[in-house]
Amino acid sequence: MSAYLVGMYIPRDQFKQLTICNSPEQSNCFCGWRTYQVNFIPPFVEKEKTTSWVTNPISWTTDTTAISRNSNSSSILKNFNKEVDNVAGGQIHNGILWTSKPKFPGSFLFRTKNYHIGDINLYYYSIRENIRQRVANYKSNN
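Just so you know, the working numbering puts 124 at position 139 of the sequence shown, and the rest follows in order with no gaps.
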């Protein structure tokens, strides 16, 4: 099917047989992302030898088009206990995923530019829907 390598550095030469997922329905591929605030590139990312593969977890493509938080299905908060709409957008930039500061109850206290801890939470319902899409497409073609 497809692998979701969320939060991982995925070097361009990592796989010989698998390719990056370029569409929401594609199978036999992988997708992944690491989320940070717009205009922030962590020092360790700057030191990486190659640019990491990234799939945008809203559009499920690899282009660099900015996708608005309004296009993101609901997110869930840290303890997986509350669904919140329009929390984060996404734009691929040099091997990472950028988003503006997430908006959720209490987000004014959120001071970090590293949103990596929320790689799944921020895009939770988009991920669930994408899994459904990929499975349905796979079943209809096999």
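Think of the CB as a built atom: it goes at the ideal place given N, C-alpha and C, for glycine as much as any other residue.
Take the Cβ of residue i as the centre, count every other Cβ of all protein chains shown within 10 Å, and call the residue buried at 16 or more, exposed below.
| i | result |
| --- | --- |
| residue 91 | exposed |
| residue 94 | exposed |
| residue 89 | buried |
| residue 115 | buried |
Could you give the first and the last residue of the continuous beta strand (DSSP E) run that contains residue i?
| i | result |
| --- | --- |
| residue 135 | One cannot answer for residue 135 here, as it falls past the ends of the chain, which runs -14 to 127. |
| residue 84 | 81 to 84 |
| residue 77 | 76 to 78 |
Tell me the residue span of the alpha helix (DSSP H) that contains residue i.
| i | result |
| --- | --- |
| residue 112 | 109 to 126 |
Should residue i and residue j be called a contact, given that it needs their Cβ atoms to be closer than 8 Å?
| i | j | result |
| --- | --- | --- |
| residue 111 | residue 57 | yes |
| residue 54 | residue 74 | yes |
| residue 10 | residue 127 | no |
| residue 47 | residue 77 | yes |
| residue 45 | residue 14 | no |
| residue 113 | residue -14 | no |
| residue 26 | residue 41 | no |
| residue 70 | residue 85 | no |
Can you list, in chain order, the stretches of the alpha helix (DSSP H) that have 4 or more residues and sit fully within the stretch 5 to 38?
28 to 31
Quick one: any contact between the stretch 12 to 21 and the stretch 100 to 120, if contact means 3 or more CB pairs under 8 Å?
yes
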